[in-house]
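So the protein lines, in turn, are chains A and R.
For the record, in the first sequence the residue sitting at position 280 is 280 according to my numbering, with numbers rising by one throughout.
Counting from 1 along the second sequence, just add 342 to a position and that's the residue number in my numbering.
Every residue, glycine too, gets a C-beta built ideally from N, C-alpha and C.
If you're wondering where the values come from, they're calculated on a predicted model, not measured in any experiment.
Read through the structure below, which is laid out as structure tokens, and then see the notes.
Protein chains: 2
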Amino acid sequence: MKRKITLKHIARELDVSISTVSKALKNSEEISRETKEKIQAFAKLYNYKPNNIAISLKNKKTKNIGVIIPDIVHHFFTTVFRGIEKYANDKGYNVIVCVSDESFDKEVINMEMLANGSIDGFIMALSAETQLKNDFNHLKQVTDQGIPLVLFDRVTDEVNCDKVVIDDQAAAHMAVSKMIADGRKRIALVTTENYLNVSSKREDGYKQALKEHNIPVRDELILRLPYQYEDEKLSEVFFATQEVDAVLCVNEIFAIRTIRFLQDNQLQVPTDVSVIGFTDGILSRLSNPTLSSVAQHGEEMGTIAAKMLIDKVESDVEEGDEQYHTEVVEATLIERESTRSS
Amino acid sequence: MKRKITLKHIARELDVSISTVSKALKNSEEISRETKEKIQAFAKLYNYKPNNIAISLKNKKTKNIGVIIPDIVHHFFTTVFRGIEKYANDKGYNVIVCVSDESFDKEVINMEMLANGSIDGFIMALSAETQLKNDFNHLKQVTDQGIPLVLFDRVTDEVNCDKVVIDDQAAAHMAVSKMIADGRKRIALVTTENYLNVSSKREDGYKQALKEHNIPVRDELILRLPYQYEDEKLSEVFFATQEVDAVLCVNEIFAIRTIRFLQDNQLQVPTDVSVIGFTDGILSRLSNPTLSSVAQHGEEMGTIAAKMLIDKVESDVEEGDEQYHTEVVEATLIERESTRSS
DNA sequence: TATTAACACGAAACCGATTTCGTGCTTTAT
DNA sequence: ATAAAGCACGAAATCGGTTTCGTGTTAATA
């Protein structure tokens, strides 16, 4: 086993000082050509690589960024993560991921763990529980310490920091308008219990689009499922209101399950009922019929978030007069088989 | 902004030495009760938390583990990751993820980046390109340095380290045997180009099961798709051999696409053709018909891998006489709608 | 009263780098 | 010959902790 070699080893072997070795390896003008060549050759030979931790300690920069997401087994977050990771890696940063599992406590613990020097900044989406509790002290503590923070998708107005979101309301509005334009009249919404910021915005967009077209908003057409859906619930609305001719779902899973439910009840998609989901993921592309879906462009969101964070990390502007921005990524409707004019 | 407070600050404020503060905070017997109380109170008040980096440097332990996977937007890896993350977090470790994107070079770069002190050990699945090149020097370098390594799923015999796999051959064997027992006779295999270790093992299992039941292995029934599948290819086999009555696919996506293809060609699943996939993911549960699938128990694999790694990291057994183990996680066949006896 | 032990704390080394500030020696200018 | 410059390098501080070893003071023992 070849243990890692340090500056000290090189210095000892070559009978020079540690400072000389350090300078030589940085090609400093201060060191004579021959000494540099000797040291560099030796370093190459023994494959010397500086210890990241020591450098971090000295620089007070870790080149690590912390990402905290509610769930990793979820296509959207996974996509955002990929955007973050790619951009960060290109810039020489590593990514430490923590999964909050939708739990407030885990979110707090994870942040505290990472905030003590492990990372240069955070990118995160709030857990469901955090949004429910409306308690953001852990975020404020972090920003108070001068650690840059970027929130994406699940954000809050309570915290002052950079944010990346899609215009959920506009996206839902667009989807519903499209259905209306296709001649659909009784448009249902399948959403989550609305402590989730994004869900309620989508609901707003849904309602607004209906109103603009003088279609009454009917509460029976709005189905609120728990975030961890259970199968049976789906039936209620549709049995209650047979004549639904279109459904907007706030995520892919709800949409797929809606389609399945309709099919099992002898309704044809899109002939009888048109369906649009959110989160353009693998399910949308591979379901049968394929699912029309609002693409949230997760990877792009990730890239933007990473860029915002790293820019802030590397800028020397001392805070006080900081400007925080909210980037809005435009959502696009990807039309597939599950929609067609009636 | 409240900058982070250090031992030095506390020492200065309270007019004691840094060593005293350090000991007091660890509740050392060496320090008097009153001094300890004073220091602890002060530390609490100013919310003192030791700097992780400094501790890492001193201990030569980072409490970070590096995970390198080919792709994060892939249900199986995501599942394994969740297992790793949960276990590691419970043990006080953080997880740094790098995505190799199936590229050899990225894998090498990422490993080198992390190997210089950033992590205490690696968990990884080999990239496709690495398996193709059959070049594992980067892995050997890491193990030579005494950094523990655990390989999962995509492993190789060339490297001496702990491993976690499922018995792919047995799993495929089981799936095919089940189809045979159901009365299926012409069983096709949809697989990837077989530089992927796992694919070739599954193919072995497929062939072996056929042989054991005296069913001839027919090459026309084996379809090899590029890893990044393209749609058209799927048609060939099935058009060539209309009478296929069962299909085993080496992943979920191939399976879903097979089902869709069959349906588009007026074949009923499972009535006419029975389909089984690998990777029991979200697609399997939500497709129509739902997909029978070989569950690889990714989360369990992740947990085991994390446990093996952390055990090794925390054991003081100096190497030389190390024992490496390969844990085999049993695959199980989850039967859903896509299979039924003919 | 002299000696020793116990107590409470501080100095300093160390982890592995970077960087500032000196300093001895050679070379050039006066 | 002497002072000033320049070159090549080393000592030491620093980042923020941990830990070993000493040491001055007090209390217990002979």
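Review point. Does the count of Cβ pairs from the segment 77-92 of chain A and the segment 299-308 of chain A closer than 8 Å reach three?
Key: yes
Exercise for review: Locate the beta strand (DSSP E) running through R/R345, then write down its first and last residues.
Suggested key: Looking at the DSSP string, R/R345 is not in any beta strand (DSSP E), and its letter there is neither H nor E.
**Study point:** Within-8 Å CB hit, R/S398 to chain A
**Key:** yes
Check your understanding: Which residues of chain A have a Cβ atom closer than 8 Å to the Cβ of R/K344, listed in chain order?
Key -> D144 and Q145
**Study point:** Within chain R, partners of A/E322 - CB distance below 8 Å
**Key:** Ordered by position in chain R, no residue passes the 8 Å Cβ test against A/E322, which lies about 10 Å from the chain.
Point to revise | Inter-residue Cα distance where the pair is R/D509 and R/E585 | key: 30 Å
Exercise for review: Just tell me which of R/E449, R/I676, R/A530 and R/Q665 has its CA closest to the CA of R/N502.
Suggested key: R/Q665
Review point. Which residues in the same chain have their Cβ closer than 8 Å to the Cβ of R/Q473, if we skip the five residues on either side of it in sequence?
Key: R496, T498, Y537, L538 and N539
Practice item. For chain R, find out if any of its Cβ atoms is closer than 8 Å to the Cβ of A/T79; answer yes or no. Key: yes
Practice item. Name the one or two DSSP bridge partners that R/D504 has. Key: R/V492
Practice item. Name, please, each residue of chain R whose Cβ falls closer than 7 Å to the Cβ of A/L7. Key: Going along chain R, no residue has its Cβ under 7 Å from A/L7, so there is no contact; the nearest lies around 13 Å.
**Study point:** Contact between the segment 480-488 of chain R and the segment 123-141 of chain A (3+ Cβ pairs under 8 Å)
**Key:** no
Review point. Residues of chain A with a CB under 9 Å from the CB of R/R599: which are they?
Key: L286
Check your understanding: So which of R/L367, R/N394, R/N479 and R/I397 has the shortest CA-CA distance to R/F384?
Key -> R/L367
Exercise for review: Pick out whichever of R/T377, R/S460 and R/K402 has its Cα sitting closest to the Cα of R/G408.
Suggested key: R/S460
Review point. Under 8 Å between C-beta atoms, does A/K49 make it to chain R?
Key: yes
Point to revise | 4 or more residues per run - each alpha helix (DSSP H) lying fully within the segment 397-451 of chain R | key: 417-432
Check your understanding: How about the segment 440-460 of chain R and the segment 392-410 of chain R: do they share at least three Cβ pairs that are nearer than 8 Å?
Key -> yes
Review point. From R/S374 to R/S364, what distance separates their C-alpha atoms?
Key: 13 Å
Point to revise | Residues of its chain near A/V294, where Cβ-Cβ distance is below 8 Å and the 5 sequence neighbours each way are ignored | key: A171, A172, M174, A175, I276, G277, F278, T279, D280, A331, T332, L333 and I334
Point to revise | 6 Å CB neighbourhood of R/R544 in its chain, flanking five on each side removed | key: D510, A514 and V592
Practice item. Can you give me the start and stop residues for the alpha helix (DSSP H) that A/R260 sits inside? Key: E252 to D264
Check your understanding: Three or more beta-carbon pairs under 8 Å between the segment 414-422 of chain R and the segment 389-399 of chain R, yes or no?
Key -> no
Practice item. Express the C-alpha separation of R/R560 and R/H639 in angstroms, rounding to a whole number. Key: 31 Å
Review point. So A/Q263 packs on R/N630, CB below 8 Å; how close in whole Å?
Key: 6 Å
Check your understanding: Out of curiosity, what's the CA-to-CA distance linking R/F446 and A/D90?
Key -> 16 Å
Review point. Taking the alpha carbon of A/V328 as the point to measure from, which residue in A/V165, A/T62 and A/F261 has its own alpha carbon closest?
Key: A/V165
Practice item. Would you check if the distance between the CB atom of A/V313 and the CB atom of A/D120 is smaller than 8 Å? Key: yes
Check your understanding: By a C-beta neighbour count over all protein chains shown, 10 Å radius and 16 as the cutoff for buried, is R/L387 buried or exposed?
Key -> exposed
Check your understanding: From which residue to which residue does the beta strand (DSSP E) around A/E327 run?
Key -> T326 to V329
Review point. Using DSSP with H/G/I as helix, E/B as strand and the rest coil, what is A/S32?
Key: coil
Review point. Per DSSP, what kind of secondary structure is R/A467 in: helix, strand or coil?
Key: coil
Check your understanding: Going along the chain, which residues of the segment 447-458 of chain R sit with their C-beta nearer than 9 Å to a C-beta in chain A?
Key -> K448, I451, N452, E454, M455, L456, A457 and N458
Review point. With 8 Å set as the bound, which would you pick, yes or no: does the beta-carbon of A/I72 sit closer than that to a beta-carbon of chain R?
Key: yes
Check your understanding: Should R/S519 be flagged as near chain A, meaning a C-beta pair shorter than 8 Å?
Key -> no
Practice item. Give me the Cα-Cα distance between R/R678 and R/L609, rounded to the nearest whole angstrom. Key: 18 Å
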